[in-house]
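Here is the structure we will look at.
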Amino acid sequence: MASTELRDASEEDIINDFKQQTRGFWSLHSRYERVTVLLLSWMEDDLGVAAEIDRLQSLFDRDFHYHTERYEIPSENPGAELANRLTQFVKSHSLSERTLSIIYYGGHASNAGNEAAGYPSWRARLVGGPSTDWFGLQLHLVNAKGDVLVLLDCCHAATKSYRSFVNGQFEILAASSSGSRVPKPGRLSFTSILIRELRTQLNAGKDIPIRWLGNHLWNNMAQPALTESPQYFTLASHDLPTIRLAPLYAPLPTEFARVNQLPSSFALLSVSFTENPTARQIADWLKSYPPNIVREVNIEGLILKAQLIKGLNDKGELFKGSVLGGLTKSTQNEILDRVLALSHAWKTSEVLAQKLRAADSTSTTQITEHLQAETLDNLRTKLTDVSESIEHGLLLDPNVDLLTARKDQVVAAFEVEKIISLRQRLLSTSSIADSLDLPRRQITWSSHPRRIKGGGLSRLRTGMFQNHSIVAEVLRYDVLSTDTTSDGLPPSVLQQFRKMVAQLCHPKDVNFHILPGLGYVHERSSKTLSLIFELSVVSGEVSAQAISFTSLSEDMARRKRVALGDRIQLAASLAQALESFHKVGWVHKSLRSENIVFFSSRKISEDDKLSAVDPTHPWLFGFEYSRPEDADTALQSDFSVDSNAYRHPERWGKPLVKFEKYHDVYSLGIILSELAYWKPVKEFPEMKQKQIDPEKVKIALIERIVQDGPHVCGQSFTDCIVSCLRFKEMIEGMPAFEAHKIFKSAIVGCLSSINGV
């Protein structure tokens with residue numbers, strides 16, 4: 001993530017404009033929303049170019065996912081007919097900025113004489129026959145609003161040019177210079193070698209800059225090689241980044257929001273300008289030659305946000321006239337405390353900025369740079385703290401009108417719209433879109449359903465859907481409801497399931513540790529419903545066949561030792577996930593080690609002594625019982641010790657109380673106990689008694705953790721486990737906001753603060 005701090009009054013406009021200029025560029029590997037290819041040849045072609053054009057069309061169509069069209073230039077009135085076709089092509093496909101139009105020509109061409117050099121005439125036949133002037137025809141493309149790329153495989157291909165294209169980039173890659181001849185269709189032709197190089201770069205996962213491609217085609221030593229040097233030039237009226245060819249991915253259903261692959265590192269880029277830049281200038285610069293490893297670039301506007309919030313508080317407008325003014329007094333006090341801390345950090349940054357401006361630039365030291373980064377980081381942390389307090393106040397107060405909150409201008413300054421939208425989706429009673437019911441015929445399974453070792457009725461399998469790797473959680477009818485008939489599930493159960501799917505498919509933060517939901521598949525013949533999740537967030541574009549997965553319960557059985565630091569990081573991730581669930585009013589209801597899954601792009605063998613998975617990036621499954629906190633609870637009986645081991649004593653056997661958030665927290669405490677001892681709970685001595693009293697099990701677990709914990713996992717981790725197991729008692733009588741604060745500080749904050757996390 002690159003960040004540029006701009007102090008100009010138009011900073012907000014620059015940030016918003018930059019987002020529009022780069023929307024989708026980093027996450028989709030392409031700056032274009034649509035790419036259309038027009039492949040031109042002659043109707044009376046005597047050169048035999050059809051087979052090569054077929055291959056090029058197949059490459060663009062199947063591998064790049066571009067829309068392709070063929071046009072054979074007629075012999076009668078070829079100039080007028082081609083001019084009309086080019087005009088229609090621009091009108092149909094090139095009137096939006098984020099489009100790329102590719103024009104390819106394969107066939108004969110000639111110069112009438114030396115005085116005509118640079119003005120090639122396209123010809124249907126080597127001698128005689130119809131012809132047309134390309135130089136004049138290319139002017140029909142200047143009205144395109146997007147970028148234009150012309151590929152010419154013909155003799156005398158290079159044309160006279162002048163920079164007349166003002167709307168975007170216009171590049172030409174020609175097989176030869178004017179006056180040169182090129183090989184006929186075959187292994188040595190420009191088109192054949194172009195196809196080979198495009199496919200090579202595509203298979204390597206690289207996008208293809210056209211300016212680079214022109215040099216590479218000639219300099220590449222791979223055989224067969226070109227016999228003539230390709231010619232590259234641009235007709236754009238001003239300097240712009242080169243066109244880059246990259247695949248367009250198949251569109252996803254509207255309910256699914258792609259989540260970027262988790263970043264492995266970040267970079268803070270500080271830039272100084274001689275004058276105020278435009279968003280277009282910044283965007284064009286950053287998009288010119290980005291490496292493929294870049295996943296996101298943002299102008300954070302950190303100073304702008306801090307200044308705005310500080311200004312609202314200084315003017316007394318933070319609560320006045322805002323929905324925030326209706327929050328409880330304790331909530332307002334917490335928000336105010338954090339805003340004051342932000343104001344203090346702001347003043348510190350102002351003092352530092354003044355000193356830096358006064359200092360001689362040649363005397364800037366590494367210490368000064370470190371202080372600058374540290375100050376900005378402190379400012380960012382304080383902003384996050386304020387936003388979190390506002391999030392919690394709005395989400396956990398039942399009296400807040402969320403629709404009004406989303407329209408509130410003060411609330412908008414804190415960028416909490418996405419999480420409010422998720423809460424609204426959870427509470428919504430509106431009908432669920434039919435598009436969530438995915439067509440089974442479009443899914444190709446690469447593995448059979450596999451039961452996760454360690455218990456549980458959910459099974460996982462991998463596959464492909466619309467060229468995307470997926471994982472499915474397969475749920476049987478009898479898992480979802482005991483009231484099944486020969487006709488299937490009761491309508492009320494199916495409706496609740498569809499609501500859960502809509503929630504899983506709604507955009508959410510990575511802190512939830514839920515893979516992006518795509519929809520579900522209903523297979524009545526096998527009496528199953530499968531939740532479909534997108535895997536690219538953890539696997540990139542790796543095929544589903546190459547993806548392995550393992551659960552926490554399996555990992556505990558497979559590996560005898562795991563570093564305490566890794567276990568603590570895993571605990572912190574799980575606590576953060578549960579905090580994210582609970583603040584929007586969502587309860588999981590089935591937190592257990594077999595529902596915590598890790599994915600890997602390499603095979604995980606039973607004998608592998610080193611971890612093939614990243615323990616800090618767990619993904620949650622087991623959503624068969626997941627629901628909104630205030631929805632009805634099915635008080636089904638379950639007397640299995642393995643199942644009950646993760647449950648609060650109130651929920652053992654036949655539960656007599658509805659599921660509450662503290663029941664989830666207790667389950668988290670059991671998982672943290674497993675991480676402390678690195679063994680499944682069913683192997684704990686408390687679970688091996690002939691007569692098991694759930695309340696006595698809880699007391700015995702707490703006693704053993706208090707006694708052994710400091711030695712096994714340290715005092716802080718021990719305190720977190722005990723807080724989870726005793727969470728009901730800790731929050732008894734507290735309102736939701738205060739109870740959540742306790743969870744956040746005593747458990748989430750505690751785990752995050754342990755050294756090494």
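Okay, so the sequence shown: first residue is 1 according to UniProt numbering, each after it adds one. Where a beta carbon is used, it is the ideal one built from N, C-alpha and C, also for glycine.
(request) Evaluate the contact criterion for the segment 501-510 versus the segment 408-425: three or more CB pairs, one atom per stretch, below 8 angstroms. (result) yes
(request) Closer than 6 angstroms by C-beta to HIS65: which residues in its own chain qualify, once you throw out the five before and the five after it? Chain order, please. (result) The residue labelled residue 65 in the question sits at position 65 within the sequence shown. Here the set comprises PRO247, LEU248.
(request) Please check the pair ILE747 and CYS724, which I expect to be a contact at CB under 8 angstroms, by giving their CB distance rounded to whole angstroms. (result) Counted from its first residue, the sequence shown places residue 747 at position 747. Counted from its first residue, the sequence shown places residue 724 at position 724. That pair is a contact at about 6 angstroms.
(request) For the alpha helix (DSSP H) containing MET500, list its first residue and its last residue. (result) Along the sequence shown, one-based indexing puts residue 500 at 500. Where MET500 is concerned, the enclosing alpha helix (DSSP H) stretches over 491-505.
(request) Could you have a look at GLU317 and say whether DSSP puts it in helix, strand or coil? (result) Your numbering for residue 317 matches position 317 in the sequence shown. If DSSP states are grouped into helix, strand and coil, GLU317 belongs with coil.
(request) Could you tell me which residues DSSP puts in a beta bridge with PHE165? (result) Here the question's residue 165 lines up with position 165 in the sequence shown. Paired residue(s): ALA236.
(message) Give me the DSSP bridge partner(s) of MET464.
(response) Looking up residue 464 in the sequence shown gives position 464. Note: MET464 sits in a beta bridge opposite THR444, SER469.
(message) Is it the case that the segment 399-409 contacts the segment 381-389, given that we only count it when at least three CB pairs across the two stretches are under 8 angstroms?
(response) no
(request) Taking GLY709 and ALA676 to be in contact with their CB atoms under 8 angstroms, please state how far apart those CB atoms are, rounded to whole angstroms. (result) Indexing the sequence shown from 1 puts residue 709 at position 709. Indexing the sequence shown from 1 puts residue 676 at position 676. That pair is a contact at about 6 angstroms.
(message) Classify SER389: buried if its beta carbon has 16 or more other beta carbons within 10 angstroms, exposed otherwise.
(response) Taking the first residue of the sequence shown as 1, we reach residue 389 at position 389. By the neighbour-count rule (16 or more Cβ atoms within 10 Å), SER389 is buried.
(request) Check each candidate in LEU438, ARG558, ARG592, GLU594 and name the one with the smallest Cα separation from PHE533. (result) Here the question's residue 533 lines up with position 533 in the sequence shown. Closest option to PHE533, Cα to Cα, is LEU438.
(message) Looking only at its chain, what residues have a beta carbon closer than 8 angstroms to the beta carbon of HIS216, apart from the 5 residues adjacent to it on each side?
(response) Taking the first residue of the sequence shown as position 1, residue 216 is located at position 216. GLU197, listed in sequence order.
(request) Since I believe LEU149 is in contact with GLU171 (beta carbons under 8 angstroms), could you give me their beta-carbon distance rounded to a whole number of angstroms? (result) To locate residue 171, count along the sequence shown from 1; it is residue 171. To locate residue 149, count along the sequence shown from 1; it is residue 149. About 5 angstroms separates the two Cβ atoms, so the contact holds.
(request) For PRO680, count neighbouring C-beta atoms within 10 Å of its own C-beta (all shown protein chains included) and say buried if the count is 16 or more, exposed if not. (result) Within the sequence shown, numbered from 1, the residue matching residue 680 stands at position 680. With 16 or more Cβ atoms within 10 Å of its Cβ, PRO680 is classed as buried.
(message) So, at 7 angstroms on beta carbons, what are the nonlocal neighbours of LEU668 in its own chain, with the 5 sequence-adjacent residues on each side left out?
(response) What you label residue 668 is simply residue 668 of the sequence shown in a count that begins at 1. The residues are LEU574, ALA575, LEU578, LEU591, CYS724.
(message) I need the boundaries of the beta strand (DSSP E) containing ILE102, first residue and last residue.
(response) In the sequence shown, residue 102 corresponds to position 102, counting from 1. Residues 99-106.
(message) When you compare the CB positions of LEU82 and THR36, do they come within less than 8 angstroms of one another, or not?
(response) What you label residue 82 is simply residue 82 of the sequence shown in a count that begins at 1. What you label residue 36 is simply residue 36 of the sequence shown in a count that begins at 1. Cβ atoms of LEU82 and THR36: not closer than 8 angstroms.
(message) If we require 4 or more residues per run, which alpha helix (DSSP H) segments fall completely within the segment 169-222?
(response) 190-203, 210-219
(request) Might you give, ordered along the chain, the residues of its own chain that have their beta carbon closer than 7 angstroms to the beta carbon of LYS744, omitting 5 neighbours on each side? (result) Along the sequence shown, read from residue 1 onward, the residue named residue 744 stands at position 744. Around LYS744: GLU579.
(message) Please list the terminal residues of the continuous alpha helix (DSSP H) segment that includes PHE737.
(response) For this step, residue 737 is matched to residue 737 along the sequence shown. Unbroken alpha helix (DSSP H) run through PHE737: 736-743.
(request) Report the rounded CA-to-CA distance for ALA124 versus THR99, giving the unit in angstroms. (result) Translated into the one-based positions of the sequence shown, residue 124 becomes position 124. Translated into the one-based positions of the sequence shown, residue 99 becomes position 99. Roughly 30 angstroms separates the two Cα atoms.
(message) Taking 8 angstroms as the threshold (C-beta atoms), are HIS140 and ARG68 in contact?
(response) Taking the first residue of the sequence shown as position 1, residue 68 is located at position 68. Taking the first residue of the sequence shown as position 1, residue 140 is located at position 140. A small correction: the amino acid at residue 68 is Thr; Arg does not occupy that position in the sequence shown. Taking 8 angstroms as the Cβ cut-off, THR68 and HIS140 do not qualify as a contacting pair.
(message) Rounded to whole angstroms, what is the Cα-Cα separation between LYS698 and GLY733?
(response) As a working note, residue 698 is residue 698 in the sequence shown. As a working note, residue 733 is residue 733 in the sequence shown. The alpha-carbon atoms of LYS698 and GLY733 are separated by roughly 21 angstroms.
(message) Check whether chain C comes within 8 angstroms of GLY186, counting only Cβ atoms and requiring the distance to be less than that.
(response) Judged by its chain identifiers, the structure shown contains no chain C, having just a single protein chain.
(message) Would LEU751 and ALA572 qualify as a contact pair, given that the criterion is a beta-carbon distance under 8 angstroms?
(response) Taking the first residue of the sequence shown as position 1, residue 751 is located at position 751. Taking the first residue of the sequence shown as position 1, residue 572 is located at position 572. Yes. Within cutoff.
(message) So, for ALA306: in the same chain, excluding its five sequence neighbours on each side, which residues have a beta-carbon less than 7 angstroms away from its beta-carbon?
(response) Sequence index remark: in the sequence shown, residue 306 carries index 306 (1-based). Excluding sequence neighbours, ALA306 sits near LEU342, TRP346, LEU379, LEU383.
(request) Can you grab the Cα-Cα spacing for the pair HIS663 / ARG338, in whole Å? (result) Within the sequence shown, the letter at position 663 stands for residue 663. Within the sequence shown, the letter at position 338 stands for residue 338. Answer to the nearest angstrom: the Cα atoms are 30 angstroms apart.
(message) Quick check on this structure: which residue in ALA472, GLN496, THR375 has the alpha carbon closest to the alpha carbon of LEU480?
(response) What you label residue 480 is simply residue 480 of the sequence shown in a count that begins at 1. It is GLN496.
(request) Please name the residue, chosen from GLY714, THR528, GLY186, LEU535, that lies closest to GLY565 on a Cα-to-Cα basis. (result) Looking up residue 565 in the sequence shown gives position 565. That would be GLY714, whose Cα lies nearest to the Cα of GLY565.
(message) Check this for me: beta carbons of ASP46 and LEU126, under 8 angstroms apart or not?
(response) Numbered from 1 along the sequence shown, position 46 holds the residue referred to as residue 46. Numbered from 1 along the sequence shown, position 126 holds the residue referred to as residue 126. Yes, the Cβ-Cβ distance between ASP46 and LEU126 is below 8 angstroms.
(request) For LEU151, name the three-state secondary structure that DSSP assigns. (result) The residue labelled residue 151 in the question sits at position 151 within the sequence shown. Residue state, collapsed to three classes: strand.
(message) I need the DSSP call for GLN57, collapsed to helix, strand or coil.
(response) Here residue 57 is taken as the residue at index 57 of the sequence shown, counted from 1. Helix at GLN57.
(request) Spell out the partners DSSP gives GLN231 in its beta bridges. (result) Within the sequence shown, residue 231 is the residue found at index 231, counting from 1. Answer is ALA174, bridged to GLN231.
(message) Which residue marks the beginning of the alpha helix (DSSP H) containing TRP122, and which one marks its end?
(response) One-based indexing of the sequence shown puts residue 122 at position 122. Looking at the DSSP string, TRP122 is not in any alpha helix (DSSP H); the run it does join, the beta strand (DSSP E), is 121-123.
(request) Measuring alpha carbon to alpha carbon, tell me which of ARG406, SER121, LEU376 ends up nearest LEU137. (result) In the sequence shown, the residue the question calls residue 137 occupies position 137. With distances taken between Cα atoms, LEU137 lies closest to SER121.
(message) Tell me the residue span of the beta strand (DSSP E) that contains VAL597.
(response) Residue 597 sits at position 597 when you count from the first residue of the sequence shown. Looking at the DSSP string, the run of the beta strand (DSSP E) that includes VAL597 is 596-600.
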